[in-house]
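In the working numbering, the protein residues as written are 33 to 189.
Report on the structure given below.
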Amino acid sequence: MAFKSLSLFPDVADSLFSDRFNRIDRLFSQLTGDAPLATVPAYDIKRLDESRYAITLSVPGWKENELEISATGGQLTVSGKRTEEQSQPEEKSGWLHRGISRHNFSVSYGLPQHVKVEGARLENGLLEIALYQEIPESEKPRKIAIESQQRVIEHNA
């Protein structure tokens, strides 16, 4: 299971770590001759307005009944499991070449506090998950007035 920490505020350290992992994976793949691990599915995170966000995952060829989205305890998990009829060997199904990944997957994102999943839709191979950040009034930033005591100094002539 892949785990991604979702931050609505980009974290430089997270992207540096991810890039280093990808470089190490490519290096080992070159040494062993194996194909590098696929980062399936690819995803985008977009800020729509002050409190709404969207995660879009690339899931070409997946159907709604093969995908599952769950949000529990600050974790958003998206998983895909192919049905038995679609996992036939190539020689029985007539395929000459299959380059599109058909592997089951599960990816998790850590959701920041007060972020809720509003819904999801699958269209043209893209799964879009709508997120809403609802910060309670008691935790929103507020402006504090500064009181000043002006002292008047009288001058006697």
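Glycine included, each C-beta is placed from N, C-alpha and C at the ideal position.
Quick caveat: nothing in here was measured; it's all calculated off a predicted structure.
So is I161 buried or exposed if we call it buried at 16+ other beta carbons inside 10 Å? buried
Starting from the C-beta of G93, find all residues in its chain whose C-beta is less than 8 Å away, skip the five residues before and the five after it, and write them out in chain order. I132, R134, G157
Go ahead and pull the three-state DSSP assignment for S125. helix
DSSP three-state label for S170, please. helix
Of all the options T115, F137, R174, which has the alpha carbon lying nearest to the alpha carbon of D91? For clarity, residue 91 is Val in the given sequence; the question names Asp instead. Closest option to V91, Cα to Cα, is F137.
Apart from the five residues just before and just after G106, which ones in its own chain have a Cβ nearer than 7 Å to its Cβ? G142, L143
CA-CA distance, G126 and K172? 59 Å
Classify L89: buried if its beta carbon has 16 or more other beta carbons within 10 angstroms, exposed otherwise. buried
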